[in-house]
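Worksheet: one structure, shown below.
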Amino acid sequence: MYEKLKNQLINRLSLSQEQRVRKLLGREERGDRKPLGFAASNGNTVQYEISAVYHPQPRILSSESGTLVQYVGDNGDINAHTLDGNNTLHVMAMIKIVTPKDAALYDERIQKFTSKSCAKELATISHVSLLAYEKPIVPGYNKKF
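Heads up: the sequence shown at position 57 corresponds to 37 in the working numbering, and the numbers run straight through without jumps.
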């Protein structure tokens, strides 16, 4: 009798699987939920981006080994409140593409950076110099119509 009461009491007071999931979900911010899983919060995303900026860049194999490195950029104009084009946020994003993927040699995983950085410091660290493309003069191809 005692064992039966003890087991029933333990079962009632123990967290069920559903309760454990609810407890886990309770720690997530409401906007972070997706139908099939979780998305990182904005704070976690920013923390990862800052950690990536401070992380040493991977070593890239030389072009003689068949490695191709490209920087690809795009701009976005965000105008959430008006249709007239006023007060529009203009942003530019750029990524570095290394082909083939095993040509980028990483020494270690990205470590979580815990202190906050100002935008000026991040811009200084993550600056990418742009090189202008000079169109070569090729006879027969440079005619203006």
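Ideal placement from N, C-alpha and C gives every residue a C-beta, glycine not left out.
### Message
Considering only DSSP beta bridges, list what I77 is partnered with.
### Response
I77 pairs with Q50.
### Nearest-angstrom Cα separation, counted from I40 out to T79
Rounded to whole angstroms, the gap between the alpha carbons of T79 and I40 is 10 Å.
### Query
In or out: I117 buried (at least 16 other Cβ within 10 Å) or exposed?
With fewer than 16 other Cβ atoms within 10 Å, it is exposed.
### Query
Can you name the residues that DSSP bridges to R89?
According to DSSP, R89 bridges with nothing at all.
### Query
In whole angstroms, what is the alpha-carbon distance linking Q91 and L(-11)?
Each residue's Cα considered, the two are about 45 Å apart.
### Message
For the structure I just gave you, are there three or more beta carbon pairs, one from the stretch 43 to 61 and one from the stretch 87 to 104, closer than 8 Å?
### Response
The stretch 43 to 61, when compared against the stretch 87 to 104, does not touch it at the 8 Å Cβ threshold.
#### Entry: Cβ-Cβ distance between A83 and T25 below 7 Å
By the CB criterion at 7 Å, A83 and T25 fall outside the cutoff.
### Task
Identify, in the order they occur along the chain, each residue of the same chain with its Cβ nearer than 6 Å to the Cβ of I30, setting aside the five sequence neighbours on each side.
Short of 6 Å from the beta carbon of I30, and not among the five residues preceding or following it, lie these beta carbons of its own chain, in chain order: F93 and S97.
### For I58, the residue or residues it bridges with in DSSP
When beta bridges are read from the DSSP output, I58 appears opposite L69.
### Message
Using only the alpha-carbon positions, how far apart do N55 and M74 sit?
### Response
The C-alpha of N55 lies about 9 Å from the C-alpha of M74.
#### Entry: Cα-Cα separation, Y28 to P38
Straight-line spacing of the CA atoms in Y28 and P38 works out to 17 Å.
### Message
Given this structure, state the Cα-to-Cα distance separating A99 from S21, to the nearest angstrom.
### Response
About 20 Å.
### Query
Per DSSP, A84 is paired with what?
BP columns for A84 point to I40.
### Query
CA-CA distance, G23 and E(-17)?
Approximately 49 Å between the Cα atoms of the pair.
### Task
Locate the alpha helix (DSSP H) running through I30, then write down its first and last residues.
Its alpha helix (DSSP H) spans residues N22 to Y34.
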